[in-house]
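In what follows, a structure is listed as structure tokens, so that the remarks can point back to it.
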Amino acid sequence: KNQNKLIIESTKLVSQSNIPLKLDHKATIQIFKSFIGGLEHVVLKIGSPNKKKPINLRIQSVCLTGEIFHSLKCDCRDQLHQSIDYIVKNGGGYIIHLDQEGRGIGLANKIKAYDLQYGGMDTFDADITMGFLGEERDFKLAVKILIDLKIETVNLITNNKDKIKALKKNNIRIQKLIPTYSILNKFNIKYLSTRVQKMNYKIKLK
Numbered sequence: 333k334n335q336n337k338l339i340i341e342s343t344k345l346v347s348q349s350n351i352p353l354k355l356d357h358k359a360t361i362q363i364f365k366s367f368i369g370g371l372e373h374v375v376l377k378i379g380s381p382n383k384k385k386p387i388n389l390r391i392q393s394v395c396l397t398g399e400i401f402h403s404l405k406c407d408c409r410d411q412l413h414q415s416i417d418y419i420v421k422n423g424g425g426y427i428i429h430l431d432q433e434g435r436g437i438g439l440a441n442k443i444k445a446y447d448l449q450y451g452g453m454d455t456f457d458a459d460i461t462m463g464f465l466g467e468e469r470d471f472k473l474a475v476k477i478l479i480d481l482k483i484e485t486v487n488l489i490t491n492n493k494d495k496i497k498a499l500k501k502n503n504i505r506i507q508k509l510i511p512t513y514s515i516l517n518k519f520n521i522k523y524l525s526t527r528v529q530k531m532n533y534k535i536k537l538k
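If you number the sequence shown the way our numbering does, the last residue is 538 and the count never jumps.
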């Protein structure tokens, strides 16, 4: 816990620029670095959000397998692009993309967990077997970034109750919850079911 606190306190804005996204050619990108731990978090500002109103917000964690390689084992890429679409169509907002791969266990351990899942375990039990908690992410990192951005009230795009709790506990007001939906396939059905049953998620299936 002390280490996590130090990581969060050391997280600072280090660089920013414009970035031409497919749906918003005038978007901006900011990099927040955790100087303890070396994590680098990305903030995308899409459109022209008005901070006098609730800010449309998606908090997403890195998922190389899903976001980059389009793995069918998870819905991370779908959630990210649904969130961007929603933000573009609803007055702008922010994506906070946290450097917390594999629910915080890192890429190498995530792939070990994948292999245990092919042996019959679900994603939660695979993490537990390797000595992790099943959820190692700390969403107070997102709170620190929101405070730095002077954002106090949000419309949160999420299915994850832990994100909701983290924001409310740290005095970020949630005006509205916007769910994403997941498209079932034979590779992700067990993963999505486990998230609902064991990991504090409420998921809309499509």
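Beta carbons: idealized from backbone N, C-alpha and C, even for Gly.
Proximity of residue i and residue j at Cβ, strictly below 7 Å
{"i": "L396", "j": "Y426", "result": "no"}
{"i": "L481", "j": "I506", "result": "no"}
{"i": "F367", "j": "S342", "result": "yes"}
{"i": "L478", "j": "I504", "result": "yes"}
{"i": "F464", "j": "I437", "result": "yes"}
{"i": "I339", "j": "G369", "result": "yes"}
{"i": "I391", "j": "K518", "result": "no"}
{"i": "E399", "j": "C408", "result": "yes"}
{"i": "P511", "j": "N492", "result": "no"}
{"i": "A458", "j": "Q449", "result": "yes"}
{"i": "I387", "j": "D356", "result": "no"}
Option in the options with minimal Cα separation from residue i
{"i": "G434", "options": "S525, G466, I416, I510", "result": "G466"}
{"i": "Q348", "options": "Y513, A359, K354", "result": "A359"}
{"i": "K530", "options": "P511, A498, T455", "result": "T455"}
{"i": "L430", "options": "L473, P511, E484, S514", "result": "L473"}
{"i": "K501", "options": "I428, P511, K476, S525", "result": "K476"}
{"i": "N422", "options": "S525, K508, V528", "result": "K508"}
{"i": "Q335", "options": "Y513, R469, Q362", "result": "R469"}
{"i": "I483", "options": "L499, P352, L439, Q449", "result": "L499"}
{"i": "S403", "options": "I363, N520, K377", "result": "N520"}
C-alpha gap between residue i and residue j, whole angstroms
{"i": "K384", "j": "K534", "result": "29 Å"}
{"i": "H413", "j": "Y523", "result": "20 Å"}
{"i": "E372", "j": "K365", "result": "4 Å"}
{"i": "V346", "j": "G451", "result": "42 Å"}
{"i": "M453", "j": "K444", "result": "12 Å"}
{"i": "S380", "j": "V486", "result": "15 Å"}
{"i": "Y446", "j": "D410", "result": "20 Å"}
{"i": "G424", "j": "S514", "result": "23 Å"}
{"i": "P352", "j": "V420", "result": "13 Å"}
{"i": "Q418", "j": "V528", "result": "Checking the sequence shown, residue 418 turns out to be Tyr, not Gln. Roughly 23 Å separates the two Cα atoms."}
{"i": "V375", "j": "T526", "result": "29 Å"}
{"i": "S415", "j": "I428", "result": "11 Å"}
{"i": "L516", "j": "K442", "result": "21 Å"}
{"i": "I361", "j": "M462", "result": "35 Å"}
{"i": "N350", "j": "Q432", "result": "24 Å"}
Per DSSP, cross-strand counterpart(s) of residue i
{"i": "G309", "result": "With the chain represented from 333 up to 538, any question about residue 309 goes unanswered, as that position is not in the structure."}
{"i": "Q392", "result": "H429"}
{"i": "Q348", "result": "Q362"}
{"i": "T343", "result": "S366"}
{"i": "N502", "result": "BP columns for N502 are empty, so no partner."}
{"i": "H373", "result": "F364"}
The ligand FMN heavy atom lying under 6 Å from the CB of residue i
{"i": "D459", "result": "You won't find the ligand FMN in this model; it holds no ligand whatsoever."}
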